[in-house]
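Asker: Have a look at this one.
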Amino acid sequence: MVSMRALRSSVDQGRRYPLCLPSRDVVPLHPIETTTMKKTALCLPAILLASFALSALPMGCDSDSKLPPAEQAQILKDDAQGTIERCKAKFPATVKEFSSAYGYAVYPEIGKGGLVVGGFRGTGLVYEGGKLVAKSVVGGGTIGAQIGGQAYAQVIFFKDKMSFDRFKRGETAFQAGASAVAANAGASTAIDYKNGVAVVAFGAEGLMVEGVIGGQTFSFDPIK
């Protein structure tokens, strides 16, 4: 028999440490590219910095969603800037790309959503000429599964206006490749553009390996 004292203690513990589950939107398992949905399907071999330590990539409750929109926007900006700095530090070759690329999209954290079966989701910001122009949500993909289901950050570089506009309009399914080989984090391997697009994905720390981004979809929501 369970005593009333033990029962009350259990209830108090539940109040003190409530179960926290992330709330996520459903992402299609097999996304179909449509102009109307403003989504772009990606199948990109990418340069990865695989990580199994997530101290720099916080996961957990969607507590930020309870904040005022202005505060949420500022947190996302701060997270994106932090991701850019980590990317430059871990992968020095990107320092030049952040200055020379026509545009880039930064996703500070892509992780498993509660309602996504085998898929990953994250919110990021899109920059054109170094200027913030849009918010973007990425869904689907296979990188997380390849690195053990862990959260990761991702940066997409657009070499020219043509490749950026394709992403912006959601009219093109990219077929791009990377020739990165396993190397220590921080290696100065050159960025490999294919069809005007290059992708770098990384965790908190780890080794650089070659991986594949498959089935990702992206929204593009201009910031007024």
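If you use my numbering, the sequence shown corresponds to residues 38 to 261, in order.
By construction, the Cβ of each residue, glycine as well, lies at the ideal position given by its N, Cα and C atoms.
Counting C-beta neighbours from all protein chains within 10 Å, is the total for residue 145 16 or more, i.e. buried, or is it exposed?
Answerer: Here residue 145 refers to the residue found at position 108 when the sequence shown is read from its first residue. Residue 145 should be labelled buried.
Asker: Taking the alpha carbon of residue 118 as the reference point, which residue from 129, 137, 142 has its own alpha carbon closest?
Answerer: Within the sequence shown, the letter at position 81 stands for residue 118. Of the candidates 129, 137, 142, the one whose C-alpha sits nearest the C-alpha of residue 118 is 142.
Asker: Look at the Cβ atom of residue 195, then the Cβ atom of residue 201, and state whether they are nearer than 7 angstroms.
Answerer: Locating residue 195 in the sequence shown gives position 158, counting from the first residue. Locating residue 201 in the sequence shown gives position 164, counting from the first residue. Closer than 7 angstroms, so yes.
Asker: By Cβ distance below 7 angstroms, which residues in the same chain neighbour residue 227 in space, the five residues on each side in sequence not counted?
Answerer: Reading the sequence shown from its first residue, position 190 is the one you call residue 227. Hits under 7 angstroms: 130.
Asker: Using three-state DSSP, classify residue 258 as helix, strand or coil.
Answerer: Translated into the one-based positions of the sequence shown, residue 258 becomes position 221. DSSP places residue 258 in strand when its eight states are reduced to three.
Asker: The alpha helix (DSSP H) that contains residue 204, what's its start and end?
Answerer: Taking the first residue of the sequence shown as position 1, residue 204 is located at position 167. Residues 198-206.
Asker: Excluding sequence positions up to five away, which residues of its chain have a Cβ less than 6 angstroms from the Cβ of residue 20?
Answerer: Residue 20 falls outside the range modelled here, since the chain spans only 38 to 261, and no answer is possible.
Asker: Please report how far the alpha carbon of residue 188 lies from the alpha carbon of residue 172, in whole angstroms.
Answerer: Position 151 of the sequence shown holds residue 188. Position 135 of the sequence shown holds residue 172. Cα to Cα, the separation comes out at about 20 angstroms.
Asker: Could you give the distance in angstroms between the alpha-carbon of residue 110 and the alpha-carbon of residue 231?
Answerer: Working through the sequence shown from its first residue, we reach residue 110 at position 73. Working through the sequence shown from its first residue, we reach residue 231 at position 194. Their Cα atoms are separated by approximately 32 angstroms.
Asker: Nearest CA to the CA of residue 165: which residue from 157, 134, 159?
Answerer: Walking along the sequence shown from the start, residue 165 turns up at place 128. Residue 165 has its Cα closest to that of 134, out of 157, 134, 159.
Asker: How is residue 171 classed by DSSP in three states: helix, strand or coil?
Answerer: If you number the sequence shown from 1, residue 171 lands on position 134. Residue state, collapsed to three classes: strand.
Asker: Report the residue from 191, 108, 160, 137 whose alpha carbon sits nearest the alpha carbon of residue 168.
Answerer: Against the sequence shown, residue 168 aligns to sequence position 131. The residue with the shortest Cα to Cα distance from residue 168 is 137.
Asker: Compare the Cα-Cα distances from residue 235 to each of 126, 191, 177, 205 and report the closest residue.
Answerer: Position 198 of the sequence shown, counted from the first residue, corresponds to residue 235. Looking at the Cα atoms, 191 is the closest of the given residues.
Asker: Would you kindly check if the distance between the Cβ of residue 205 and the Cβ of residue 257 is under 7 angstroms?
Answerer: Along the sequence shown, one-based indexing puts residue 257 at 220. Along the sequence shown, one-based indexing puts residue 205 at 168. With contacts defined by Cβ atoms closer than 7 angstroms, residue 257 and residue 205 form a contacting pair.
Asker: Can you name the start and end residues of the beta strand (DSSP E) that residue 193 belongs to?
Answerer: Sequence index remark: in the sequence shown, residue 193 carries index 156 (1-based). 189-195 is the span of the beta strand (DSSP E), which, as asked, contains residue 193.
Asker: Do the CB positions of residue 237 and residue 157 come within less than 7 angstroms of each other?
Answerer: By one-based count along the sequence shown, residue 237 stands at place 200. By one-based count along the sequence shown, residue 157 stands at place 120. The answer is no: Cβ separation not under 7 angstroms.
Asker: Return the Cβ separation of residue 170 and residue 259 in integer angstroms, given the expectation that the two are a contact with Cβ distance under 8 angstroms.
Answerer: Along the sequence shown, one-based indexing puts residue 170 at 133. Along the sequence shown, one-based indexing puts residue 259 at 222. Contact flag correct, Cβ pair sits at about 6 angstroms.
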